[in-house]
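This report concerns only the one structure given below.
Chains as they are written, first to last, in the working numbering: chain C, 1 to 262; chain V, 1001 to 1267.
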């Protein structure tokens, strides 16, 4: 009973905070501090969003962007974890792929855009490549780090119980690295999301019209209600991703390992 | 039927350590951890290896476990040469070495999952049996971080017993626990040893602990690691660590141990 009340109170606090922010925004516009062209009223943004949902442009653009992001991110994780296991276990991989990962992780992946446009043209593949480059190296480094931090006693214990090296890698090293892998997933997500937005704003992709392009379109039309509307959508997607993609993992880590919530 | 078979008390192993030597290379040259060590352990015996740190007792345990290979000599389990870890010899370490991503039952199941010819339901049944045996039935679904040090070692014991090994190798398993918890575990381990009929090799530097648990206490001295002396402990079980007779044994063994350590200093 108490738990429900606490949850309710936290929810009300959160809603009240955002209502206050919108009200502040509204009253600043009403006072005429800035021109309505530079900063439209919240109601104008709301009207744009409702209209864009109704005529389908917003949902379509969101679907295009999410598809790029999720597929690219999925590839990044699917390649990053095995590569990280390899760099952690074999010196030859750590001296090659490991160094490469460290180097490329420092490169904002939007820097790949000029090259990928040449390689793939203004296509989905170009966008996917940028997203993969954004998430892959974080995953490699996080997994590598995670495996190296596993206490050696774990694999010794597994060996005495009859585990062979591959079994130990999958059923001991991998789950033991989970705290590192989850934080790598979060970092990879953040890099991929930022890079994709930058890339979508920066170049028009002929195969699909994403949120970034919609935002840039708003700028071209001087439609700040559209720009702000899309920004809000991008923020909401980011929040939802955090809740849907990462919260379950973090809850599991907190529950099993007894560590603090990140 | 498989389940009944699985839970049966099986015959413990006989072990023979034959002329085992092992050297470790360190920055300052080679250290002879074991020098021509021979020891025979009969079926179902409870043997304690005692000695100061560096005397090679843990190394010998690792070799019997199959985690390390001797430079020369060999160890036979029921006549067969040991070359790698095997489910017939399970190990308990000083740290519980439990997996934090699994709950208590999941940890006990880990070794069982590697054992062929059992169904899922049978594995769970076996795990439950051993969790009950170590007195943790109320904690079967607990997370590892929620348990006390003593409870963690009980889980580790259940995990080691679950594949029904013939030999239990214990490397200072109680060293990090408080005295009260330790005393409780001395009672439990003696009971389990009697009920499940395992050959147990127990490494410790605590002489009193060794005298309390072992049928035989084997004294090691370091540099190079050698067996110096053996003591038969002829006391009824269950033994109480605080009893006077036990204190007499441990005084005698401690005196002998000090002799070898002093000898070492003199050399």
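All C-beta atoms in this analysis are idealised placements derived from N, C-alpha and C, irrespective of residue type, glycine included.
Euclidean distance between Cα positions of residue i and residue j
i	j	result
residue 179 of chain C	residue 1221 of chain V	43 Å
residue 1223 of chain V	residue 1217 of chain V	20 Å
residue 27 of chain C	residue 45 of chain C	15 Å
residue 1099 of chain V	residue 252 of chain C	14 Å
residue 247 of chain C	residue 255 of chain C	12 Å
residue 1159 of chain V	residue 171 of chain C	16 Å
residue 1210 of chain V	residue 1238 of chain V	14 Å
residue 89 of chain C	residue 167 of chain C	14 Å
residue 20 of chain C	residue 12 of chain C	12 Å
residue 1152 of chain V	residue 145 of chain C	27 Å
residue 242 of chain C	residue 74 of chain C	15 Å
residue 262 of chain C	residue 239 of chain C	Bear in mind that the predicted position of residue 262 of chain C carries a pLDDT of just 41, short of 50, making it unreliable; the figure below should be weighed with that in mind. Approximately 15 Å between the Cα atoms of the pair.
residue 1260 of chain V	residue 1247 of chain V	20 Å
residue 40 of chain C	residue 174 of chain C	50 Å
residue 8 of chain C	residue 1172 of chain V	51 Å
residue 155 of chain C	residue 112 of chain C	39 Å
residue 55 of chain C	residue 49 of chain C	10 Å
residue 93 of chain C	residue 84 of chain C	9 Å
Contact with chain V by residue i, beta-carbon distance below 8 Å
i	result
residue 157 of chain C	yes
residue 185 of chain C	no
residue 165 of chain C	no
residue 262 of chain C	Residue placement at residue 262 of chain C is flagged as unreliable, the pLDDT there being 41, under the threshold of 50; a coordinate-derived value is accordingly withheld.
residue 160 of chain C	yes
residue 153 of chain C	yes
residue 175 of chain C	yes
residue 146 of chain C	no
residue 257 of chain C	yes
residue 39 of chain C	no
residue 178 of chain C	yes
Enclosing alpha helix (DSSP H) for residue i [first to last residue]
i	result
residue 1223 of chain V	That residue, residue 1223 of chain V, is in no alpha helix (DSSP H); it is neither H nor E in DSSP.
residue 220 of chain C	211–220
residue 1188 of chain V	1179–1196
residue 14 of chain C	2–31
residue 66 of chain C	57–89
residue 1124 of chain V	1120–1133
residue 127 of chain C	124–148
Cutoff 8 Å: residue i Cβ touching any chain C Cβ
i	result
residue 1146 of chain V	yes
residue 1122 of chain V	no
residue 1087 of chain V	yes
residue 1151 of chain V	no
residue 1170 of chain V	no
residue 1067 of chain V	yes
residue 1155 of chain V	no
residue 1185 of chain V	no
residue 1143 of chain V	yes
residue 1114 of chain V	yes
residue 1056 of chain V	no
residue 1095 of chain V	yes
The beta strand (DSSP E) enclosing residue i, as first and last residue numbers
i	result
residue 1074 of chain V	1072–1077
residue 1205 of chain V	Per DSSP, residue 1205 of chain V belongs to no beta strand (DSSP E) and is neither H nor E.
residue 1019 of chain V	1015–1026
residue 186 of chain C	Unbroken run through residue 186 of chain C is the alpha helix (DSSP H), 178–202; no beta strand (DSSP E).
residue 1033 of chain V	1029–1041
Short Cβ contact (8 Å threshold) for residue i with residue j
i	j	result
residue 1108 of chain V	residue 1195 of chain V	no
residue 273 of chain C	residue 177 of chain C	Residue 273 of chain C lies beyond the range of chain C shown here (1 to 262); nothing can be said about it.
residue 1090 of chain V	residue 1003 of chain V	no
residue 1057 of chain V	residue 1049 of chain V	yes
residue 1023 of chain V	residue 1031 of chain V	yes
residue 245 of chain C	residue 230 of chain C	no
residue 1041 of chain V	residue 1164 of chain V	no
residue 133 of chain C	residue 185 of chain C	no
residue 1072 of chain V	residue 1038 of chain V	no
residue 1156 of chain V	residue 1092 of chain V	yes
residue 189 of chain C	residue 135 of chain C	yes
residue 1181 of chain V	residue 1214 of chain V	no
residue 1006 of chain V	residue 1122 of chain V	yes
residue 1199 of chain V	residue 1043 of chain V	yes
- Query: Contact between the segment 149–164 of chain C and the segment 99–118 of chain C: three or more CB pairs below 8 Å?
  - Reply: no
**Q.** Inter-stretch contact (C-beta, 8 Å, three-pair minimum) for the segment 200–215 of chain C and the segment 146–153 of chain C
**A.** no
Please confirm if the segment 1141–1148 of chain V is in contact with the segment 1032–1048 of chain V, defined as three or more CB-CB distances below 8 Å between the two stretches. no
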